[in-house]
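Position in the sequence shown (first residue = 1) + 14 = our numbering.
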Amino acid sequence: MAGITNAEFAMKLIPYGFDTVTIGGYNTDNESIDACEKIIARGRKEFNYPKEEIYSVIENEVNTIKDNFDVTVSANLRGTTPDPLIEISKIPNLDIVEINCHCRQEELVAVGCGQSMLLRPDLEDYVKEVVKKSKSKVSMKMRANVEGVDNIAIAKLAEDCGVDYLHIDAMKKGVRDADFDLIKEISENTNIFIIGNNSINSISQAEKM
15 MAGITNAEFA
25 MKLIPYGFDT
35 VTIGGYNTDN
45 ESIDACEKII
55 ARGRKEFNYP
65 KEEIYSVIEN
75 EVNTIKDNFD
85 VTVSANLRGT
95 TPDPLIEISK
105 IPNLDIVEIN
115 CHCRQEELVA
125 VGCGQSMLLR
135 PDLEDYVKEV
145 VKKSKSKVSM
155 KMRANVEGVD
165 NIAIAKLAED
175 CGVDYLHIDA
185 MKKGVRDADF
195 DLIKEISENT
205 NIFIIGNNSI
215 NSISQAEKM
């Protein structure tokens, strides 16, 4: 939840038993920052900071969590190139950098961020570069069922690139529920660690996922 999921929010959830939290999404380059300004202008909450401040902002958020709880912290990052994600992975207490391939706001999609990453011909090169040079573990969060995207092919790409976690926003157009069938299909066709996401609003939904 961009603009909401920061250290303060995460620390409200951790006492309920969570051992891993994700903060973000954070914009890491001029393209994503400029796109986000347009999103904020139409009234949506977002985290948006000058490019030269983003490393220290995330570092402070991570340390705030780590100073209070012994948990794994992931940062969800938007960027048109791998370089800023690799740089942010050097934050000493940050356990995971997450490549954002899921945001669907038109402004981000227009500059090649979010779910439009799934359609980039250089996606494999991008992901491999982050995995190869990252100082932390790497997660990739994909939006499911994007038009023109082969879900299984993307999952296998992530696995082949050496991604540690595949975080799936299992949205299905016209359905007010997670696409559990897709989660099952991906789990049966890959060996990658999957984080199932979307419509987890009850114990029964969590157990089903």
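Built from N, CA and C at the ideal position, the CB exists for glycine as well.
Straight-line spacing of the CA atoms in Asp178 and Lys149 works out to 13 Å. The three-state secondary structure of Asn205, taken from DSSP, is coil.
Assignment of Asp195 by DSSP, reduced to helix, strand and coil, places it in the helix class. Looking at Gly93, Glu121, Ser88, Val123, the one whose alpha-carbon comes closest to that of Leu108 is Ser88. Your pair Leu196 and Ala184 checks out as a contact, with CB atoms roughly 6 Å apart and the cut at 8 Å.
Between Ile113 and Leu133, the alpha-carbon positions lie close to 14 Å from each other. According to the DSSP assignment, Thr78 belongs to the alpha helix (DSSP H) that extends over 68-80. Look at the region 83-116 and you find these whole runs of alpha helix (DSSP H), each 4 residues long or longer: 97-102. Counting only residues of its own chain and dropping the five nearest sequence neighbours on each side, Cys175 has a CB closer than 6 Å to the CB of Val141, Lys142, Val145.
DSSP places Lys147 inside the alpha helix (DSSP H), whose first and last residues are 137-147. Secondary structure note for Ile37: its beta strand (DSSP E) is the uninterrupted segment 34-41. Counting only residues of its own chain and dropping the five nearest sequence neighbours on each side, Glu138 has a CB closer than 7 Å to the CB of Leu171, Cys175. Non-local beta-carbon contacts of Val71 in its own chain, meaning distances under 6 Å to residues more than five positions away in sequence, involve Tyr63 in chain order. Exclusion of the five residues before and after Lys26 leaves no residue of its chain whose Cβ lies closer than 6 Å to its Cβ.
Annotated three-state conformation of Lys65 is helix, per DSSP. Nearest to Cys50 by C-alpha distance, out of Leu99, Val160, Gly93, is Gly93. The beta carbon of Thr204 sits closer than 7 Å to the beta carbons of Ala169, Lys170, Glu173 from its chain, once the five residues preceding and following it are set aside; these are given in chain order.
Between Ile105 and Ala24 the beta-carbon gap is near 15 Å, outside 8 Å, which marks them as no contact.
With a cutoff of 7 Å on beta-carbon distance, Ile53 and Glu60 are scored as near each other.
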